[in-house]
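One structure is given here, and the rest of the page talks about it.
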Amino acid sequence: MGRTLVWNSFTEFDGSGKAAGKINFGSYQARDWLADFSKAMSIDNEFKGGFFARLGYAWNGGNGNKFDYKTQNGGGLYAGSQIAEGVYVSARDVGNFAAGRAAAITGQDKMDFMLNAGGFNLSGNSKMGLIFNNSYWKNEALKEGFPDYGEHFNSNLFQRFGYENITTAEEIIKKSKLIWGDRK
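The letter at position 89 of the sequence shown is residue 74 when you use the numbering used here, and the numbering goes up by one with no holes.
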């Protein structure tokens, strides 16, 4: 049947552990969407440059926008499909993976990305708050520290997987030093 990369990909985000979502076991929608997304980000990066490509992603990455997989997949926040053969992820996982891919493709430093992602979460997911008070929110994220810098742990984990383009349990083991390289 398959596996997930974390035990709670298909549970409510509130920590209750209550099952959520529906997995389409025959679907590769996550893998295919991420391939298209990565191609689009690469094109944006080539023509706009890293900073402006990242800005475009950030502006269009949530709440029904162009790069918001959670609202495009047809099954909601916990819709499940394969990211690799026999590896199932939720739409929430895909969104966080995409954030990491966007950062890596556009050449953003990994620590800078994690502090921005954590700061964004700490700001209440306020795009304008992060833009106008970026240093403040990144500093708050730094205070939260390793491993998640103010981000929800699973969100941070899938952002890390996306940054390193890790889609299997075997790659998690093989690339663990890359995943956790910021540990002091």
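Virtual Cβ for every residue (Gly too), placed ideally from N, Cα, C.
Neighbourhood of residue i by C-beta, 6 Å cutoff - its chain only, sequence neighbours within 5 removed
i, result
"M99", "Y134"
"N30", "A38, I90, T91"
"F117", "none"
"E227", "This structure gives no information on residue 227, because the portion of the chain shown stretches from -14 to 169."
"Y13", "Q67"
"R168", "F131"
Residue i classed as buried or exposed, judged by whether at least 16 other C-beta atoms fall within 10 angstroms
i, result
"M113", "exposed"
"I151", "buried"
"W122", "buried"
"K55", "buried"
"D78", "buried"
"N139", "buried"
"W18", "buried"
"N141", "buried"
"G85", "buried"
"S161", "exposed"
"E155", "exposed"
"G130", "exposed"
"F143", "buried"
"S120", "exposed"
"R145", "buried"
"S75", "buried"
"S108", "buried"
"G104", "buried"
"I164", "buried"
Run of the beta strand (DSSP E) containing residue i, from where it starts to where it stops
i, result
"S75", "72 to 75"
Beta-carbon proximity list for residue i, same chain, < 7 Å, skipping 5 on both sides
i, result
"I158", "none"
"G49", "T56"
Extent of the continuous alpha helix (DSSP H) to which residue i belongs
i, result
"Y13", "Taken as a continuous stretch (DSSP letters only), Y13 belongs to no alpha helix (DSSP H), as it is neither H nor E."
"D97", "95 to 107"
"F(-5)", "Premise fails: F(-5) is in no alpha helix (DSSP H) and is neither H nor E."
"R145", "138 to 149"
"Y42", "35 to 45"
"G114", "112 to 117"
"A154", "154 to 159"
Cβ shell of residue i (< 8 Å), same chain only, five flanking positions each side left out
i, result
"G46", "F52, D53, G80, A83, A84, A87"
"R16", "S66, Q67, I68, A69, T152"
"V72", "G(-13), R(-12), T(-11), L(-10), T152, T153, A154"
"T(-4)", "G2, K3, A4, A5"
Would you say the stretch 83 to 98 touches the stretch 67 to 74, given that touching needs at least three Cβ pairs under 8 Å?
Taking a contact to require three or more Cβ pairs closer than 8 Å, the stretch 83 to 98 and the stretch 67 to 74 do not qualify as touching.
Does the count of Cβ pairs from the stretch 76 to 95 and the stretch 31 to 48 closer than 8 Å reach three?
Because the criterion of three Cβ pairs below 8 Å is met, the stretch 76 to 95 and the stretch 31 to 48 touch.
Quick check for students: name the residue ranges of the alpha helix (DSSP H) that lie wholly in the stretch 49 to 73, counting only runs of 4 or more.
Listed in chain order, they are 54 to 57.
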